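If you number the sequence shown the way UniProt numbering does, the last residue is 340 and the count never jumps. The C-beta atom is built at its ideal place from N, Cα and C for all residues, glycine as well. Note that this is a predicted model, so its numbers are computed, not measured.
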Amino acid sequence: MNKETTKIVKRLLASPQKIVVVGHKNPDGDAVGSCLGLSFFLNRLGHRADVIMPNDFPDFLKWLPGVDDIIIHEKEQDRSIKTITEASVIFTLDFNSLDRIGDMQQFLEDSDANFVMIDHHQQPADYAIATYSDVSMSSTSEMVYHFMEALDELTALCMEVSTQLYTGIMTDTGSFRFSSTTATTHRVVAHLIEMGADSAKIHQNVYDTNSPDRMKLLGVALNNLHILKEYNTAYITLTQNELDTNNFKKGDTEGFVNYALSVQGVEFAVIFIENKQENIVKISFRSKNNFSVNDFARNHYNGGGHINAAGGKSSQSLNKTITEFISILPRYKDELTHAS
Ligand code: 5GP
Ligand code: MN
Numbered sequence: 001m002n003k004e005t006t007k008i009v010k011r012l013l014a015s016p017q018k019i020v021v022v023g024h025k026n027p028d029g030d031a032v033g034s035c036l037g038l039s040f041f042l043n044r045l046g047h048r049a050d051v052i053m054p055n056d057f058p059d060f061l062k063w064l065p066g067v068d069d070i071i072i073h074e075k076e077q078d079r080s081i082k083t084i085t086e087a088s089v090i091f092t093l094d095f096n097s098l099d100r101i102g103d104m105q106q107f108l109e110d111s112d113a114n115f116v117m118i119d120h121h122q123q124p125a126d127y128a129i130a131t132y133s134d135v136s137m138s139s140t141s142e143m144v145y146h147f148m149e150a151l152d153e154l155t156a157l158c159m160e161v162s163t164q165l166y167t168g169i170m171t172d173t174g175s176f177r178f179s180s181t182t183a184t185t186h187r188v189v190a191h192l193i194e195m196g197a198d199s200a201k202i203h204q205n206v207y208d209t210n211s212p213d214r215m216k217l218l219g220v221a222l223n224n225l226h227i228l229k230e231y232n233t234a235y236i237t238l239t240q241n242e243l244d245t246n247n248f249k250k251g252d253t254e255g256f257v258n259y260a261l262s263v264q265g266v267e268f269a270v271i272f273i274e275n276k277q278e279n280i281v282k283i284s285f286r287s288k289n290n291f292s293v294n295d296f297a298r299n300h301y302n303g304g305g306h307i308n309a310a311g312g313k314s315s316q317s318l319n320k321t322i323t324e325f326i327s328i329l330p331r332y333k334d335e336l337t338h339a340s
């Protein structure tokens, strides 16, 4: 975090504040881990910080310290709105634009609070008085660590904050294997372990708590894997019916797209998931090397994210979405076959 941003933040936090920490819709491990870590840290500094999420998050995160106090806007609107209205400072974490928080957007836009953004997505919007944005960062959770460091408050690291931040870094880096994982990331993680994060336990809590239904759904997804060899592309589809038959729960499809990316030679992997309730097809994109799925998602699917991991949506039927997707690929053939 640069000196100017640090100065603004220090001024904002010079006296005890009522603070709200907000993560993005469909919160993932990094959103939940970074928001909880920052809120615990701010509370330890003597502020009053509450975490609000636009909607619920997966069960594999529900063991984290502090999850029971998270306000889910979709479930507790009145409490959420009251907390937002009373806040003097609002931190927005792990998203780059207020249209990533669904129905909460209007309440944040109506607020008079000072906004601070901490985020690692491309093209950050300009609504905050202090913007700590760094697209080279592995995760927002790693940024919260650097945020604490910039404020000279790393001594506030406790077992809880270490566990929350470790979980966010671990999930966003695919357990420290994506290219965004740097030597600094490893140094941060080493410090978090020293301060009480139990690496093996956290891995078990997140990755070894699958339900039999989720494993069956994974089987269906793998059966629906299609390889488009001439484009080094693989995609998976899941229909609403397939989700229903396997008692789909939030978070069950998390990580499925990585199986498509794990096929030898595949540079570009996609999963299309039908959502009849929202009348959309939700799409996750992943890539290796230089192929920018952020650009692809922005250009064709009203989405965005990072170079190697992005998301978007289509309002066409699942079949039409796939036909259209395949028709777009020839434009990217050079990029996809010459990636290195
Ligand atoms: P996932 O595919 O795991 O849902 O998301 C991958 C990355 O893309 C995450 O960093 C997520 O925040 C971002 N992302 C997912 N869906 C969308 C979307 O609809 N719009 C934008 N701008 N980003 C998205
Ligand atoms: Mn993230």
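CB T131 to CB V144, shorter than 9 Å?
no
Give a single yes or no on whether G312 has its beta carbon closer than 8 Å to a heavy atom of the ligand MN.
no
For D30, verify whether its CB is less than 8 Å away from any heavy atom of the ligand MN.
yes
Relative to the C-alpha of K216, which residue among I101, Q105 and N246 is closest?
N246
Pick helix, strand or coil for M215, following the three-state DSSP scheme.
helix
Which residue from A197, F268 and Q277 puts its Cα closest to that of S317?
Q277
Run the CB neighbour count on D69, radius 10 Å, all protein chains shown included, and call it buried at 16 or more, exposed below.
exposed
Put I193 into one of helix, strand or coil per three-state DSSP.
helix
At a cut-off of 8 Å, is R177 close to the ligand 5GP when judged by its beta-carbon and the heavy atoms of the ligand?
no
Tell me whether S314 sits in a helix, a strand or coil according to DSSP, three-state version.
strand
Please report the Cβ distance between L93 and V206, rounded to the nearest whole angstrom; I am assuming they are in contact, meaning their Cβ atoms lie under 8 Å.
The pair is not a contact, with the Cβ atoms about 19 Å apart (cut-off 8 Å).
Does at least one heavy atom of the ligand MN sit under 8 Å from the Cβ of D94?
yes
Would T323 be called buried (16 or more neighbouring beta carbons within 10 Å of its own) or exposed?
exposed
Answer yes or no: the CB of D126 versus the heavy atoms of the ligand MN, is any distance below 8 Å?
no
Is there at least one non-hydrogen atom of the ligand MN closer than 8 Å to the beta-carbon of H120?
yes
Have a look at C35 and P27 and give me their C-alpha separation to the nearest angstrom.
10 Å
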